[in-house]
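If you're matching positions, the sequence shown starts at 6 in this note's numbering and goes up one per residue.
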Amino acid sequence: MTVTLEALYSSKILSLAASITRNRLPDDADVVVSRRSAVCGSGIRVGLCFDHERQIADYGHEVQACALGQASAAIVASHCIGLTAAALADAMAQMEAILRGEVPEELLWPDMAVLAPVRDFPPRHDAVLLPYRALTDAFMQ
């Protein structure tokens, strides 16, 4: 394994992937969305309940992805309650910046920085962005 691959699958990323929570869709979900990466085949199904202000009140997901996709989904799951569409767009923009190698000084979710090594592997970007894109789809319904 090269140093680059070691960074890509670091103990921090693997630990984050193993810590994924919210692995069950809410029974009373207002919206359920599935999204699959055309690049790697990773998939996610998310279920959301919204409050009266259209903030996420409950969230669950079913993730079938590599360690990178699982780590990204774990990050999203740990921060999604109370999230608005605008806040999601901000978080996704920051993740996209990280994947371009432009880590913002102040991250909305500091744990996103763990995925910075993925910038050198463009084919893996889709897996990392999958939970953000699924939530974006859900907010659009």
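Every residue gets a Cβ at the ideal spot worked out from N, C-alpha and C, and that includes glycine.
Original post:
Would Met117 pass as a contact of Gln146 if the rule is Cβ separation under 8 Å?
Top reply: no
Original post:
CA-CA distance, Gly52 and Glu101?
Top reply: Between the alpha carbons of Gly52 and Glu101 lies a gap of roughly 23 Å.
Subject >> Proximity of Thr141 and Leu93 at Cβ, strictly below 8 Å >> reply: yes
Subject >> Limits of the unbroken beta strand (DSSP E) element including Gln69 >> reply: Per DSSP, the continuous beta strand (DSSP E) segment holding Gln69 begins and ends at Ile61 to Gln69.
**OP:** State the Cα-Cα distance for the pair Arg27 and Leu21, rounded to the nearest angstrom.
**Re:** 13 Å
Original post:
Since Arg50 sits in a beta bridge, which residues does DSSP pair it with?
Top reply: Ser39 and Glu67
Subject >> Phe126, DSSP secondary structure in three states >> reply: Three-state result, Phe126: coil.
Original post:
Are the beta-carbon atoms belonging to Ala70 and Gly48 less than 8 Å from one another?
Top reply: yes
**OP:** Could you say which of Ala62, Val68, Leu73 and Gln75 lies nearest to Cys85 if we only look at CA atoms?
**Re:** Ala62
Subject >> Cα-Cα separation between Ala82 and His130, rounded to whole angstroms >> reply: 18 Å
Original post:
Taking the Cβ atom as the reference point for each residue, do Pro136 and Ala78 lie within a distance shorter than 8 Å?
Top reply: Cβ distance < 8 Å, so Pro136 and Ala78 count as in contact.
Original post:
How many Å lie between Ala34 and Arg124 at the Cα?
Top reply: 34 Å
**OP:** Look at the alpha carbon of Ala43 and the alpha carbon of Leu13, and state the distance between them as a whole number of angstroms.
**Re:** 21 Å
**OP:** Return the first residue and the last residue of the alpha helix (DSSP H) that Gln75 is part of.
**Re:** Ala72 to His84
**OP:** Assign Pro128 to one of two classes, buried (16 or more other C-beta atoms within 10 Å of its C-beta) or exposed (fewer than that).
**Re:** exposed
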